[in-house]
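K.L.:
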Amino acid sequence: MRIVLLGAPGSGKGTQAKLLVEKYNIPQISTGDLLRAEVAAGTDLGKKAKAAMDAGQLVTDDVVLGMIQSRLSKPDARNGFILDGFPRNIPQAQALDAMLARLSQPLQLALLVDVDNEVLMKRLTGRRSCGNAACGAIYNIYFSPPKTAGKCDKCGSALQHRSDDNEDTVRKRLTVYEQQTAPLMSYYKAQGKLRT
0 MRIVLLGAPG SGKGTQAKLL VEKYNIPQIS TGDLLRAEVA AGTDLGKKAK
50 AAMDAGQLVT DDVVLGMIQS RLSKPDARNG FILDGFPRNI PQAQALDAML
100 ARLSQPLQLA LLVDVDNEVL MKRLTGRRSC GNAACGAIYN IYFSPPKTAG
150 KCDKCGSALQ HRSDDNEDTV RKRLTVYEQQ TAPLMSYYKA QGKLRT
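Residue numbers are given in numbering that gives the first Met the number 0: position 141 of the sequence shown equals residue 140, and the series is strictly consecutive.
1. Answer with buried or exposed for A54, where buried requires no fewer than 16 other C-beta atoms within 10 angstroms of its C-beta.
2. Give every residue of the same chain whose Cβ lies closer than 6 Å to the Cβ of S10, excluding the five residues on either side of it in the sequence, and list them in chain order.
3. Would you call E37 buried or exposed, if buried means 16 or more other Cβ atoms sit within 10 Å of its Cβ?
4. In chain order, what residues of the same chain have a beta carbon less than 8 Å from the beta carbon of P105, not counting five sequence neighbours either side?
5. With a cut-off of 8 Å on the beta carbons, I'd call G149 and A136 a contact; round off their distance for me.
6. Along the chain, where does the beta strand (DSSP E) that runs through Q68 open and close?
7. Do you know how far the Cα of V58 is from the Cα of A51?
8. According to DSSP, simplified to helix, strand and coil, what is Q159?
9. As an exercise, report each continuous alpha helix (DSSP H) stretch of at least 4 residues that is fully enclosed by the segment 75–132, in chain order.
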């Protein structure tokens with residue numbers, strides 16, 4: 000199964016991806032993880048990505064597509080994949096379709112994880128994570144709070160709140176999603192691939 004996951008920040012794409020990985024025994028391919036791995040490995044694509052990021056620019060689509068193509072060539076992706084974090088707009092979707100057609104691996108499904116904006120706001124502004132990197136427990140003060148406010152249930156360390164998980168930043172992220180990524184729903188619906 001070849002799947003693209005769509006959904007606003009905080010919609011639970013990562014959670015759904017894990018369930019799909021288990022069900023179909025195919026890899027989750029996160030473009031963010033690919034970028035970090037390529038940069039860490041010092042590959043040619045990683046060097047191009049690092050140069051863009053260091054200059055405060057977005058990594059170009061051709062670099063991201065190159066990383067995706069390289070990842071799809073690995074044996075575990077032979078029977079399919081779950082692509083998370085790409086495409087984010089129509090031109091990226093068109094470029095992805097063209098690349099997958101060249102590989103004779105056309106996309107089969109665009110899965111939309113659709114969540115109400117009020118719930119997204121609470122999920123994102125309520126996120127807290129354990130300050131102990133070895134623990135890494137994650138909480139939400141609205142939906143899954145720790146037993147003691149501000150403390151990790153597992154190790155007792157202080158919980159941290161990401162600086163970008165504030166209402167203004169979350170509102171901006173949701174607006175960008177609505178403007179750039181939401182049109183992908185119509186794109187994939189026209190292809191008969193969109194499911195919710």
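We treat Cβ as the ideally placed atom computed from N, Cα and C, and that holds for glycine.
P.N.:
By the coordinates alone:
1. As a position in the sequence shown, residue 54 is number 55, starting the count at 1. It is exposed - the Cβ of A54 has fewer than 16 other Cβ atoms within 10 Å.
2. For the purposes of this step, residue 10 is identified with residue 11 of the sequence shown, where counting begins at 1. Contacts found: V112, V114.
3. Your numbering for residue 37 matches position 38 in the sequence shown. When all chains shown are included, E37 counts as buried.
4. The residue labelled residue 105 in the question sits at position 106 within the sequence shown. Same-chain partners within the cutoff: R1, D96, L99.
5. Along the sequence shown, read from residue 1 onward, the residue named residue 149 stands at position 150. Along the sequence shown, read from residue 1 onward, the residue named residue 136 stands at position 137. Taking C-beta atoms under 8 Å as the contact rule, G149 and A136 fail to qualify, at a distance of about 13 Å.
6. Your numbering for residue 68 matches position 69 in the sequence shown. Note, Q68: premise wrong, no beta strand (DSSP E); alpha helix (DSSP H) at 60–71.
7. Position 52 of the sequence shown, counted from the start, is the residue given in the question as residue 51. Position 59 of the sequence shown, counted from the start, is the residue given in the question as residue 58. Between A51 and V58, the C-alpha separation is close to 6 Å.
8. Along the sequence shown, read from residue 1 onward, the residue named residue 159 stands at position 160. Q159: strand per DSSP, three-state reduction.
9. Correct list: 89–101, 116–124.
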